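Data first, discussion second: the structure below is written as structure tokens.
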Amino acid sequence: LHEDLPPSVEELHRWQYELMNLKQGNEKVETYASRFKKLANRVDAGGIPNAFKVRMFLSGLNKELATLVAIQNPVNLDVAITQAKT
Numbered sequence: 001l002h003e004d005l006p007p008s009v010e011e012l013h014r015w016q017y018e019l020m021n022l023k024q025g026n027e028k029v030e031t032y033a034s035r036f037k038k039l040a041n042r043v044d045a046g047g048i049p050n051a052f053k054v055r056m057f058l059s060g061l062n063k064e065l066a067t068l069v070a071i072q073n074p075v076n077l078d079v080a081i082t083q084a085k086t
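Under the UniProt record's numbering, think of the first position of the sequence shown as 1, with each following residue one higher.
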């Protein structure tokens, strides 16, 4: 319908909140990563730095997995997702 219109401030704030609070829970890494990337792309109008995206992704991963990925010091979100899957 109105896909060419920029998101409202309220929508952007809601998406930012959802992104900051997104958790993997019982989902597979692929499912969580897909939801994370979809939200990050919506929010990314202002350009979220790679390091911050990685930190947000790791903070939503299950704790043990997040620790294993963080130790590998992923350079960007795609690398973090790949490392989380292995």
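C-beta atoms are modelled at their ideal positions from N, C-alpha and C, and glycine is treated no differently. Source: prediction; values computed, not measured.
- By alpha-carbon distance to V54, the top candidate from E27, R42 and T82 is T82.
- Taking C-beta atoms as the reference points, L65 and A40 fail to come closer than 8 Å.
- Residue environment for L5: exposed (fewer than 16 other C-beta atoms within 10 angstroms of its C-beta).
- Look at I48 here: in three-state DSSP terms it is coil, with no helix or strand label.
- The criterion of a C-beta distance shorter than 8 Å is satisfied by F36 and F57.
- In the three-state DSSP reduction, N21 falls in the helix class (H, G or I).
- As the crow flies, the alpha-carbon of T67 is around 15 Å from that of K23.
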